Each structure stands twice: as structure tokens, then as C-alpha cells.
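Undergrad: Chains as they are written, first to last, in UniProt numbering: chain S, 1 to 372; chain D, 1 to 372. Every residue, glycine too, gets a C-beta built ideally from N, C-alpha and C. None of these values were measured; they are calculated from a predicted model.
1. In terms of DSSP beta bridges, what is residue 119 (chain D) paired with?
2. When you compare each of D:289, D:29, D:335, D:186 to residue 297 (chain D) by their alpha carbons, which one comes out closest?
3. Do you know how far the Cα of residue 325 (chain D) is from the Cα of residue 260 (chain D)?
4. Can you tell me whether residue 239 (chain D) is helix, strand or coil according to DSSP?
5. Look at the alpha carbon of residue 94 (chain S) and the alpha carbon of residue 19 (chain S), and state the distance between them as a whole number of angstroms.
6. Candidates D:3, D:178, D:7: which alpha carbon is nearest residue 239 (chain D)'s?
7. For the beta strand (DSSP E) that contains residue 58 (chain D), what are its first and last residues?
8. Any idea if residue 4 (chain S) is buried or exposed, counting beta-carbon neighbours within 10 angstroms, 16 or more meaning buried?
9. With respect to the alpha helix (DSSP H) encompassing residue 205 (chain D), which residues constitute its N-terminal and C-terminal limits?
10. May I ask you to list the residues that DSSP assigns as paired with residue 286 (chain D)?
11. Can you list, in chain order, the stretches of the alpha helix (DSSP H) that have 4 or more residues and sit fully within the segment 305-349 of chain D?
12. Taking CB distances under 7 angstroms as the criterion, tell me whether residue 4 (chain S) reaches chain D.
13. Closer than 7 angstroms between beta carbons: that is the criterion. Which residues of the segment 100-115 of chain D meet it against chain S?
14. So, helix, strand or coil for residue 257 (chain S), using DSSP?
15. For a contact meaning CB atoms closer than 7 angstroms, what does residue 257 (chain S) contact in chain D?
16. For residue 366 (chain S), name the three-state secondary structure that DSSP assigns.
17. Kindly indicate if chain S contains any beta-carbon less than 7 angstroms away from that of residue 162 (chain D).
18. Helix, strand or coil: which one does DSSP assign to residue 220 (chain S)?
19. Please name the residue in D:266, D:174, D:245 whose C-alpha comes closest to that of residue 254 (chain D).
20. For residue 9 (chain D), count neighbouring Cβ atoms within 10 angstroms of its own Cβ and tell me buried if that reaches 16, exposed if not.
21. Going by C-alpha distance, which of D:85, D:103, D:65 is nearest residue 96 (chain D)?
22. What is the C-beta distance between residue 165 (chain S) and residue 128 (chain S), in whole angstroms, given that I count them as a contact (C-beta under 8 angstroms)?
23. Between which two residues does the beta strand (DSSP E) harbouring residue 360 (chain D) extend?
24. If the cut is a Cβ gap below 7 angstroms, which residues of chain S does residue 191 (chain D) touch?
25. Between the C-alpha atoms of residue 43 (chain D) and residue 135 (chain S), what's the straight-line distance to the nearest angstrom?
26. Taking residue 314 (chain S) as the query, report the chain D residues whose CB atoms sit under 7 angstroms from its CB, ordered along the chain.
27. DSSP state of residue 227 (chain D), grouped into three classes?
28. Would you call the segment 19-29 of chain D and the segment 218-235 of chain D in contact, with 3 or more CB pairs under 8 angstroms?
29. Helix, strand or coil for residue 300 (chain S), going by three-state DSSP, please let me know.
30. Taking 7 angstroms as the threshold (beta carbon to beta carbon), is residue 85 (chain S) in contact with chain D?
31. Does the beta carbon of residue 371 (chain S) sit closer than 7 angstroms to a beta carbon anywhere in chain D?
32. Indicate whether at least one CB of chain S lies closer than 7 angstroms to the CB of residue 346 (chain D).
33. What in chain D is Cβ-close to residue 379 (chain S), meaning under 8 angstroms?
34. State the Cα-Cα distance for the pair residue 322 (chain S) and residue 263 (chain S), rounded to the nearest angstrom.
35. Roughly how many whole angstroms lie between the Cα atoms of residue 132 (chain D) and residue 21 (chain S)?
36. Among all the DSSP beta bridges, which residues are the ones paired with residue 291 (chain D)?
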């Protein structure tokens with residue numbers, strides 16, 4: 001199959017190796033793996049998780065939940081604060097799958113109590129340090145009132161506490177990540193103790209790929225919800241979550257121009273393909289992708305002396321050493337490891353495996369309803 | 001029609017006003033308006049240009065050219081360096097529309113000469129200062145050899161020179177933008193002189209929204225190709241290309257959480273909706289959107305004391321003064337002016353007009369072929 005435009009390649013062996021490693025780690029630690037499917041958003045990639053015993057999944061929107069429900073998934077957590085405007089879609093889903101929702105405040109729980117027509121599992125999102133959203137782990141007044149409200153409602157089954165420690169993304173020190181993890185687990189245990197007399201089976205769930213990848217002993221929680229690990233990317237490599245060789249997706253971009261006077265190569269591949277996430281390097285320069293050599297079986301490790309240094313809407317600018325510069329001609333394809341695989345996959349709307357199979361992505365499906 | 005998820009609102013009156021203003025300016029200056037459709041990528045929005053006499057358009061990919069060709073456009077420039085890997089699709093298009101291509105080097109012209117089966121217009125992209133791509137305006141050796149190569153080919157009709165002065169995006173001083181424009185026009189005139197004995201009708205075409213919006217007298221060129229002006233955005237407002245009131249698209253995002261202890265409101269609306277373009281403010285803070293009040297007819301001007309300060313995949317974090325904070329409740333919709341309307345529209349895959357009409361966007365159409 002001939003590639004003529006920017007294309008997101010997927011190495012199925014690496015992907016499955018990433019899934020296996022995380023599934024094995026979950027099993028060794030006695031925790032449930034509830035992978036976050038927002039990274040791949042693909043029914044076919046989702047199927048690859050089943051052979052590792054995965055039955056419960058995480059998604060980040062009601063639309064994504066509906067998509068995976070339509071592909072046979074029966075136990076789905078929407079790990080985003082409930083959007084009360086989508087109650088019709090939530091009720092439709094709750095009627096046919098084991099739906100887990102996440103609340104971050106009393107208003108939402110009240111709206112759910114009034115409008116839900118089918119039972120759902122409800123977890124509380126706890127903020128143990130990231131400070132994006134969630135109820136602060138020390139805000140006992142709010143926690144008590146929310147828990148009390150849940151208790152009064154027969155359609156709300158209080159399941160436990162979920163955390164997303166997004167601040168691990170700012171680290172590249174295994175001890176810092178371990179400390180963040182321990183701090184979260186400590187706070188979650190206190191919460192479980194506080195409510196265990198009324199709710200003896202509360203589950204503790206954590207979610208970020210850095211913690212789940214880097215920490216060997218994930219004891220203290222019941223469930224992990226990493227997502228990015230299925231593909232990894234340059235951001236995760238920099239954090240220390242993976243090696244370059246674990247990165248399972250790679251862009252193939254046509255070379256359209258060369259500028260020898262400044263050692264720059266222009267790719268067909270810009271911010272509408274990669275997104276604009278960036279890695280700030282130690283020398284204060286920014287990179288938008290690392291270059292690899294495409295091979296018949298996939299791609300090599302990253303090459304030194306050549307990288308994507310800027311992106312506009314459709315253009316990527318690659319800076320190359322003289323040695324690297326001369327390797328490429330107009331009309332060649334260049335391989336680029338993405339900075340953030342979730343956003344790149346979201347824009348690319350589909351995958352081509354290194355074996356030549358096309359895989360779908362939710363965003364590539366027919367024109368969605370703007371409103372419901 | 002009820003909005004329940006992040007939705008890109010489009011004010012048709014403002015859009016048409018933006019189109020009219022640019023069409024009037026083109027007419028007053030005696031230049032052809034060949035608008036760039038990469039900003040809206042919508043067949044329906046494209047139709048609005050016809051009543052202003054627009055017959056020739058610009059696009060940034062062969063796929064986009066095919067889409068607008070399928071919607072009746074007959075004169076289409078692909079303002080991106082020819083990707084020689086797409087020759088089959090180029091030939092298919094060249095058979096049915098007046099196709100203009102843009103070359104930046106001899107290799108591409110040679111490949112076109114060998115593989116084109118139908119005549120096309122060919123312009124040379126000139127680099128007059130932006131330094132992204134194009135042939136340097138002073139590189140006469142390369143220019144001469146490329147022009148000679150074109151001259152030898154009967155399927156290549158040498159049309160003229162195109163420039164995209166993307167460095168105007170870094171300015172917010174009308175004199176700087178005027179100087180960039182004058183510098184480009186000066187260099188283009190020299191090139192036209194150089195080749196006029198062999199090619200007496202060479203056209204000069206420039207393309208950036210800041211120049212086309214800010215400069216009153218666009219004399220010296222034959223054609224302008226602005227795109228972003230159809231919607232404008234916060235980036236253009238900051239440059240000085242438009243007022244806030246000219247911004248014709250606005251995101252409507254559900255409020256899902258409030259954090260009074262830090263004056264932050266969490267929106268359902270993240271980098272998969274807005275993209276990650278950012279405005280760095282004078283105080284070194286970053287903003288990802290300005291907040292407006294949604295009204296039955298559209299939206300207000302931007303409100304002071306409240307703005308989007310960070311984005312993750314699905315979450316937007318809004319920082320609000322106490323006065324603004326208390327205006328919003330969970331379940332409300334918040335209006336957000338985007339930093340970069342092209343990328344936001346590309347992600348949102350469709351529009352809802354303030355009159356309730358749904359408009360399509362190319363990226364929202366059924367799953368595209370990954371390979372051709």
C-alpha cells in the first residue's frame with residue numbers, strides 16, 4: 001500500500017507488547033487494569049486488550065462511551081466530570097451498559113439524582129495534588145455532604161474514589177513520581193477509612209501513565225486507568241515512562257522541499273496532523289518530533305542531528321545536520337515520532353499498521369451530530 | 001436546538017461582513033481576491049463568497065481541492081509545495097478543474113513535467129523574508145533554471161509568483177507589516193521584470209491575513225489570498241487585523257466544575273476542541289481563549305477578569321475574578337473566543353450558526369482513505 005499523504009503508522013507488535021506489560025504489572029500487583037481508551041479511540045485497537053483479560057475500560061466523553069458500547073464493551077467509566085447537559089445520552093447508555101460516572105461536586109450529584117432513569121456507578125474524583133479538578137482530599141465538609149447525597153439516591157451506587165495525578169507529567173525523576181503516587185494513595189486510604197462503615201467496598205483508582213509505567217509496586221489501590229501507555233510518545237520517553245523503542249506510533253510525512261542554505265527540510269505534516277504539543281529541551285530549544293528511519297518492517301530508533309523544529313498548519317520544518325540533510329530527497333517519506341500520541345491520533349482520524357491494515361479512529365467516523 | 005457538548009458557533013452576519021470587507025478592498029485596489037478556504041473548509045461557507053464575485057479559491061491540500069471541486073469550484077490553487085507522491089490525485093483534478101500548483105524547487109518541476117497528464121497553471125513560491133519555504137527571491141541561478149524547465153514543458157503554464165508573508169503574524173505594528181508588504185512587492189516586481197520578455201503576463205500573489213487586513217493600499221500585486229479573515233480570532237485581534245467584534249466563531253462549552261478556593265471554573269472543552277495555540281501576554285502569562293457572554297443572538301465582547309488559562313485533552317481551566325466566578329453555575333454554557341480559528345474549526349469538524357443551522361467541515365466527513 002502506497003503512502004502519499006501524512007499517515008499515522010502503528011506497530012501492532014509494539015502496541016501489544018505495551019498492553020501485555022501493563023496487564024502483567026496489574027496482575028502482579030493484584031489491581032484491575034481499566035485502560036483509558038482516549039489515546040487510541042479505535043474499536044480495533046480496543047479488541048487487542050481483550051486477550052489480556054481486560055473487560056472494563058475508561059473513556060473521556062459520553063460520545064466515546066457510546067462508541068465503545070456499540071463495539072461490545074459493557075463496563076465503561078467516563079473519567080471526566082459529569083456534564084449534566086448530556087443527561088439524555090447518559091440515560092441511554094446507562095440502560096444498556098454498566099456505566100461508571102465521576103462527580104466532582106454536589107450540584108452534579110443533585111442533577112444526577114433528579115434526572116437519572118437507570119442505576120449507575122458513581123465515583124468521586126479527588127484532587128490529591130494536581131489542582132485541575134476534583135474535590136480536595138482534605139475538604140471533608142464537601143465530601144461528607146456529597147457522600148450523604150449519594151447515599152440517599154437509589155440510582156447512584158457509590159463505588160469509590162478516582163484520582164488523576166497529571167502533575168507526574170511535569171516530572172522526570174522516578175523518586176518524584178513515587179512520592180506523588182504515595183501521597184495520593186495515603187490520602188485515598190484516609191478517605192476509604194472515613195466512609196467504610198457505610199460503604200465497605202469502596203474502590204481506589206488511579207490513572208496516569210507515568211505512575212503506572214514507572215512504579216513497580218502499585219499496591220494500595222484497586223484499579224489503574226492509564227491510557228497513553230498503549231502507544232507512548234516522546235513526552236513519556238522524556239518523563240521516563242518508556243524507551244524510544246516502546247513508542248508504537250510514527251508519522252510518515254512526504255518531503256516537499258529542501259533548503260540547503262539553512263539545512264532545513266520541509267515536510268507535508270503540520271499542526272493539523274501532529275497538534276502543537278512541544279518538548280522544551282534542556283538548551284531551551286523546542287522540538288515537535290524526532291526523526292526515525294522508515295524500514296520495510298516499521299522504523300528505527302531516533303536519529304541524531306535531525307528533528308522537527310517548527311510546525312504551521314500543514315508544514316513541518318525539520319532542521320538537519322549536513323550528514324542527515326543529504327539523505328533525503330523531495331518525494332521521500334520521513335518518519336516522525338510524535339510529541340503527544342493522543343492528540344496526533346485524534347487529528348489523524350485513523351491508523352495504518354506496519355502490516356498494511358487500516359484501523360479506524362472515532363474522529364474519522366461520519367459527521368457527528370453537533371447537538372443532541 | 002440544545003447545545004450539550006463543546007460546539008463551534010458561527011455568526012453568519014459577521015462572517016459575511018468579513019467577506020464583504022475583504023471583497024470591497026480587493027475591488028478598490030483592483031486585485032483579485034482568491035480566498036484561502038483552509039480556515040473554514042466548509043462547502044456552505046464557501047457558497048457565501050460567490051455573491052461577492054469570488055470564482056477562484058486557494059486551498060492547502062489536494063484533498064481540500066478535491067472537496068471544493070466536488071462542490072462546483074473550477075479555479076483552485078493548492079498553495080502548498082507540490083507533493084509529488086500525490087500525482088495520481090493531481091492528474092485526476094487537473095482533468096476537471098483549472099488547477100494551479102505551487103512549486104519550490106527544480107526536482108518538483110521535473111517530476112511534474114514527467115508525470116502530468118493534463119495542463120496546470122504553475123506558480124513559483126518565493127521566499128521574501130518568512131524563511132519557511134519557497135525559492136529565495138535573490139537566488140537567480142535557481143530561479144532561472146526552474147523557469148527554463150517550466151518553459152520546456154507544454155503542460156506547465158507558468159503563471160507567476162506567490163508569497164506567504166507568515167512573519168506578519170509575529171508583528172503588532174502597522175508600520176512593520178507595511179514594511180514587510182512593501183519589501184515583498186519590491187522583490188516580486190524585480191522578478192516579474194526579469195522574466196517578462198518570455199512571460200509577459202506573470203501574476204503576483206500575496207497571501208497573509210494581517211497584510212490584507214491592515215494595509216489599505218494593496219497595489220502592486222494582482223491577487224490576494226487571505227484565509228483567516230473569514231472568521232478572524234484572538235491572534236488576529238492582537239496583531240491588529242480585526243476588532244473583537246469581527247471574530248465570527250465562538251466556542252460554547254459546558255461548565256462542569258467550579259473551584260472557589262482558587263477562582264477556577266472547569267469547562268468541557270480542551271485541546272481536542274481548541275487545539276493548543278496560545279497567546280503570550282505582556283505580563284508573560286498565557287491565555288488559550290477569552291470569555292464572552294452567550295446571548296440569544298450570538299455573543300458579547302470579551303469580558304474582563306476571566307479567561308482560559310490552561311487546556312488538557314478534554315478540560316479547559318478558566319481563571320475568574322470573584323465577580324465573574326459567581327456568574328456561572330455547573331451546567332451553564334460558557335462562550336470562548338478561540339486563539340486560532342483555523343485549528344479550532346479543523347478539530348470541531350462542523351459549525352452551528354447562531355441561527356441554528358448546522359454547517360459541515362471537511363474533517364467531519366466520512367472516514368477518509370488513509371492511502372490512495
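TA: In brief:
1. In DSSP, residue 119 (chain D) forms no bridge with anything.
2. D:335
3. 8 angstroms
4. For residue 239 (chain D), the secondary structure class from DSSP, reduced to helix, strand or coil, is helix.
5. 28 angstroms
6. Nearest to residue 239 (chain D) by C-alpha distance, out of D:3, D:178, D:7, is D:178.
7. 56-59
8. buried
9. First-last for residue 205 (chain D): 203-206, but that is the beta strand (DSSP E), not the alpha helix (DSSP H).
10. D:280
11. Fully enclosed alpha helix (DSSP H) runs of 4 or longer: 322-325, 341-348.
12. yes
13. Listed in sequence order: 104, 105, 107, 108, 111.
14. strand
15. 81, 104, 105, 133
16. coil
17. no
18. coil
19. Check the Cα spacing between residue 254 (chain D) and each of D:266, D:174, D:245: the tightest is with D:266.
20. buried
21. Ranking the options by Cα distance to residue 96 (chain D), first place goes to D:65.
22. 7 angstroms
23. Following the DSSP letters along the chain, one finds residue 360 (chain D) inside the beta strand (DSSP E) bounded by residues 358-360.
24. What residue 191 (chain D) touches in chain S: nothing, since even the nearest Cβ is about 18 angstroms away.
25. About 45 angstroms.
26. 60, 61, 80
27. coil
28. Short answer: they touch.
29. strand
30. The beta carbon of residue 85 (chain S) falls within 7 angstroms of a beta carbon belonging to chain D, placing the residue at that interface.
31. The pLDDT assigned to residue 371 (chain S) is 41, lower than 50, so where the model puts this residue is not dependable; a value taken from the coordinates is nonetheless given after this. Taking Cβ atoms only, chain D reaches closer than 7 angstroms to residue 371 (chain S), which makes this a yes.
32. Yes - at least one Cβ of chain S is within 7 angstroms of the one on residue 346 (chain D).
33. Past the edges of chain S, shown from 1 to 372, lies residue 379 (chain S), and the structure says nothing about it.
34. Across the structure, residue 322 (chain S) and residue 263 (chain S) are spaced so that their CA atoms are roughly 7 angstroms apart.
35. 42 angstroms
36. D:336
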